[in-house]
Every structure is written in structure tokens, then in C-alpha cells.
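Take the UniProt record's numbering: the last position of the sequence shown gets the number 297, and nothing is skipped along the way. As C-alpha cells, the structure follows; a few thoughts come after it.
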Amino acid sequence: MVVACGTDKGTSVKHTAQQAPPQPTFKSVFNKRFTEVRRAFSSGYSFADNGYQIEPNWKLAFTSDTTVNIWNPKRKVFVDDPVTFDHDSVFNVAWAWLRLKKLTKDSIRFQVLQVRNKVIENDKSVVFMTLYADDYIRNVLHRDPASMQQFTHADTAFIQKKSAAANADLNKAFSARQSVQLTPASNLISVQRVPADTTELQPDMPPIDYMLPEFNITINKAYEDFHYAFSAWVDAKGNIIFRKSVDSIEPEFQASYLKAMKGIVDGYLKAYLKVTPGSTLGIPHSSIIILNVTGRQ
1 MVVACGTDKG TSVKHTAQQA PPQPTFKSVF NKRFTEVRRA FSSGYSFADN GYQIEPNWKL
61 AFTSDTTVNI WNPKRKVFVD DPVTFDHDSV FNVAWAWLRL KKLTKDSIRF QVLQVRNKVI
121 ENDKSVVFMT LYADDYIRNV LHRDPASMQQ FTHADTAFIQ KKSAAANADL NKAFSARQSV
181 QLTPASNLIS VQRVPADTTE LQPDMPPIDY MLPEFNITIN KAYEDFHYAF SAWVDAKGNI
241 IFRKSVDSIE PEFQASYLKA MKGIVDGYLK AYLKVTPGST LGIPHSSIII LNVTGRQ
């Protein structure tokens, strides 16, 4: 995730007044193509504890100290964007605030900065990007740049451990990168995935709809007309387990409402749906979904 939160692109961030060091320059790598090969949290993993995944997807060349030719994943095209030096080793590059940590002829390392009200939030600036020169990847490592953007063995071990914990205890469920899939197994039920709002996402941010997938479900020929919204666990075997209501319920109605929602899950949904559990790195595990269920007589 590369973001510049709560501040306008190109505006200066605050810092303590002191003797300014020489301004860093990208002159040694002007017009050299770089590909991001690793994006990770300070933990060293590409996954946060809640399952959020960050992916390396930057491809760029600094054509000067004030311009970068960068791949825009949303537009699927290279664009020229501004590079603005702020202070120390802090730059605004295209749509992101970054701190230059290392620069050689073959590699660049950035720290992604979270900025709010022109102030760097150091405790939230926990993502690091590593880019290699394309010619270094091809001629020294003898790899294709795209093949470098792979998960590490540490990432896999991390997800294996989290999946084992989530499968043993539903309360440790986490978001699945490959979301739960609900497929009608009867013509009496219809399912529609609710699309996520991506209007505020930066161009290189991964989709967020997998973090808490939401579905609208309609059941025809139900015992009565009803509508309930609730969350549910889906375990590694594809079983749906009622979790809790999304809406607040008056105390006097709680028992009957919860009984009705559990009955819908254990009756209609288990009978009418084919469920594919969520998985991450090919490993099935428990995760949470939101269900908006409408019944029609």
C-alpha cells in the first residue's frame, strides 16, 4: 500500500528546523528502468496480521530529479509524474510520499510515509519498497522482472501458521486474498457480490473488497418475508457459521432475531449454496463475510 493520507500532493511536510543536508539526486540512475521486486511491512512479511496484502507493482524510470516516468496500474500506461523534494530524504513521487533509504546503480529502497496534516506519522510508516534495475535483473540475476515479484518462503510460513490458528479457532479468522465464493445450488436462491468502493484508492493500491466480502442474497418461496444483515464465518471446509448481527437489535427482540438468523444459515444457506472457502497463497482458512439476506414468500 502506497498512500499519502490527508495532505495535498506536492505540499511540504513539517520537520524540525536544522542544517539541511545536501539534496539527494537520482542523477546516477536517470532514464534507467527499475521494477519493484519486494514490498513488505517492517515485520518483513507482505501480509498484515488481518490478512491485508501489499504487492510490488511499481515500474519506473527517473528522467530527471523532478520527473518520473511511472507505470499507472489503473490506466495501464506509463505516465510522467512530478517528483518533489521536501527535506532530508523525503520526496513526493507521483502519488506517494517516500523516504529514500538507499540508492545504488542497481537498486532503490524507499520507506512509504503516511502523512497527515503535513506531518509524517512515523509509527504508521511501516511499509518498505525495494526496486531493482531491469538490466541488473536480466543480465546479473538472469531473471525476468515480472518473475521477481514473488512471495517469499517467510510469507508462506506466516500464512500457514495463521491459517492453522484460524482453522482451530474461528475468532482468529483473517481476510482471505482469494475470497469466499458463494454459488447457487438451487433456483430458489440468488447471490450478488457487493462491489467495493474504490474511488479513494491510490493507483497502485490492491483491491480491498477481499478484506470483508459482502453479498446480497435473495431466497424465493421462503416461509415468510424477511430481511436480515449479519456477519458469518466461513471455515476452511466451506461451512457457514452465524457470527453476529450487523444491525443493532433491541434487547426484547434479540433472542428471536438471533434464532431466526441462525436458522436461515443452518437451513436455507447450507441447503441452497455451494461454498468455496477463502484462501491465501492457496491455503484454505477461516474468514469472515457479510450477508444481506432477503426472503420472499
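In this text, a Cβ means the ideal position worked out from N, Cα and C, and glycines have one as well. Please read all numbers here as calculations on a predicted model, not as lab measurements.
Residues sharing a beta bridge with residue i, DSSP
{"i": "H227", "result": "T294"}
{"i": "W233", "result": "I241 and I288"}
{"i": "P184", "result": "L273"}
{"i": "P21", "result": "For P21, which the question treats as bridged, DSSP gives no partner whatsoever."}
{"i": "D86", "result": "Note: D86 sits in no beta bridge, so no partner."}
{"i": "N220", "result": "R296"}
{"i": "K102", "result": "R109"}
{"i": "K59", "result": "T35"}
{"i": "N69", "result": "A61 and D80"}
{"i": "Q254", "result": "Looking at the DSSP assignment, Q254 forms no beta bridge with any residue, so it has no partner."}
Environment of residue i [buried if 16+ CB atoms lie within 10 Å]
{"i": "F253", "result": "exposed"}
{"i": "A285", "result": "Looking at the sequence itself, residue 285 is His, so the reference to Ala does not match. Result: buried."}
{"i": "N50", "result": "exposed"}
{"i": "I283", "result": "buried"}
{"i": "R39", "result": "buried"}
{"i": "T280", "result": "buried"}
{"i": "K162", "result": "buried"}
{"i": "A173", "result": "buried"}
{"i": "D23", "result": "It is Gln, not Asp, that sits at residue 23 in the sequence shown. Q23 comes out exposed."}
{"i": "I288", "result": "buried"}
{"i": "P145", "result": "buried"}
{"i": "S175", "result": "buried"}
{"i": "I108", "result": "buried"}
{"i": "A157", "result": "exposed"}
{"i": "V293", "result": "buried"}
{"i": "E46", "result": "It should be noted that the sequence gives Ser, not Glu, for residue 46. Classification for S46: buried."}
{"i": "V90", "result": "buried"}
{"i": "residue 309", "result": "Only positions 1 to 297 of the chain appear in this structure, which leaves residue 309 out of reach."}
{"i": "L291", "result": "buried"}
{"i": "V29", "result": "buried"}
{"i": "V119", "result": "exposed"}
{"i": "V68", "result": "buried"}
Under 8 Å between C-beta atoms of residue i and residue j
{"i": "F226", "j": "G295", "result": "yes"}
{"i": "T130", "j": "V37", "result": "yes"}
{"i": "D65", "j": "F26", "result": "yes"}
{"i": "L113", "j": "W97", "result": "yes"}
{"i": "A232", "j": "R243", "result": "yes"}
{"i": "K262", "j": "I240", "result": "no"}
{"i": "N31", "j": "T63", "result": "yes"}
{"i": "V127", "j": "F41", "result": "yes"}
{"i": "M148", "j": "I137", "result": "yes"}
{"i": "residue 298", "j": "N72", "result": "For the chain, the structure presents residues 1 to 297; residue 298 sits outside this window and is missing."}
{"i": "V191", "j": "P184", "result": "yes"}
{"i": "Q297", "j": "A222", "result": "yes"}
{"i": "I70", "j": "D86", "result": "no"}
{"i": "Y272", "j": "L188", "result": "yes"}
{"i": "V265", "j": "G238", "result": "no"}
Residue i Cβ short of 7 Å to the ligand FAD heavy atom set
{"i": "I288", "result": "Absent from the structure shown: the ligand FAD. Ligands present: none."}
Return the chain-ordered ranges of every beta strand (DSSP E) run that is complete within the segment 114-194 and spans a minimum of 3 residues. 127-133, 181-184 and 189-193
Kindly confirm or deny that the segment 164-177 and the segment 254-262 touch, where touching means at least three C-beta pairs closer than 8 Å. no
Take every Cβ of the segment 54-67, pair it with every Cβ of the segment 153-164, and state whether three or more of those distances are shorter than 8 Å. no
Should the segment 208-221 be regarded as contacting the segment 176-187, the criterion being three or more beta carbon pairs within less than 8 Å? yes
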